[in-house]
Amino acid sequence: MKSLLAAFLMLLTGAGPAAAALASCTASATPVNFGAYDPLALGDTPSTGSVTVSCNLVLGISLLVAYNIKLSAGSGSFAARTLRSGGNAIQYNLYTNAGYGTVWGDGGAGTGQVSDGYLLGLANATRNYPVFGRIPARQMVGAGAYADSIVVTISY
């Protein structure tokens, strides 16, 4: 059995000084932890994590805040992200939906990104976005703790 973890590193970027002066947004993430992987199992190994975006109004009464959430390719490519343990690697990917139809990336090269927005009032607004991970079945890899780092970028 192998222990697998795809960790998220957070990077928050703003749209510019004018937008940043009106609203403030922060992001956090919970990792996609695949747990023990059985290379002999017939089915794929799924797991979920999440990205949380919290925004608050800095100046004014209300403001429409729109943002995009992008994920980096990590140590592989968007076509096949890789969890690594020393010289060993196992392919996996992250998706925007539970049907695994769209790879969550930067919006280019056949990937999608999550876009959202809402009207900020006097209270803070927080939204959670699930991250759906999947390791394809029948990958023969050595035992070890496998990990990858994904950079999450929030543009608003």
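Mind the numbering: the sequence shown is residues -20 to -1, 1 to 136 in mature numbering (1 follows the signal peptide of the UniProt record, and there is no 0), read in order. Backbone N, C-alpha and C define an ideal beta-carbon position, used for all residues, glycine too.
Between residue i and residue j, what straight-line distance do the alpha-carbon atoms span, to the nearest angstrom?
i, j, result
"Ile112", "Asn36", "Looking at the sequence shown, residue 112 is not Ile but Phe. Computed Cα separation, rounded: 27 Å."
"Val83", "Val131", "15 Å"
"Tyr126", "Thr25", "14 Å"
"Gly23", "Leu100", "43 Å"
"Ala78", "Ala7", "22 Å"
"Arg61", "Ser135", "23 Å"
"Ala59", "Tyr80", "13 Å"
"Ala69", "Asn104", "41 Å"
"Gly56", "Pro110", "21 Å"
"Ser34", "Gly122", "40 Å"
"Pro19", "Asn108", "32 Å"
Taking the Cβ atom as the reference point for each residue, do residue i and residue j lie within a distance shorter than 7 Å?
i, j, result
"Leu51", "Gly85", "yes"
"Leu2", "Leu44", "no"
"Phe124", "Ser65", "The sequence given here has Gly at residue 124, not Phe. Their beta carbons are under 7 Å apart, which means Gly124 touches Ser65 by this criterion."
"Asn48", "Gln93", "yes"
Nearest by alpha-carbon distance to residue i: which of the options is it?
i, options, result
"Thr133", "Ser55, Leu44, Thr32, Asp24", "Thr32"
"Cys5", "Thr25, Ala46, Gly29, Pro11", "Ala46"
For residue i, count neighbouring C-beta atoms within 10 Å of its own C-beta (all shown protein chains included) and say buried if the count is 16 or more, exposed if not.
i, result
"Leu74", "buried"
"Ile41", "exposed"
"residue 188", "Since the displayed the chain opens at -20 and closes at 136, residue 188 lies outside it and no answer follows."
"Asp96", "exposed"
"Thr76", "buried"
"Thr106", "exposed"
"Leu63", "buried"
"Gly29", "buried"
"Ala16", "exposed"
#### Entry: Minimum length 3: unbroken beta strand (DSSP E) runs contained in the segment 46 to 133
Segments of the beta strand (DSSP E) lying fully in the segment 46 to 133: 61 to 65, 68 to 75, 94 to 100, 105 to 115.
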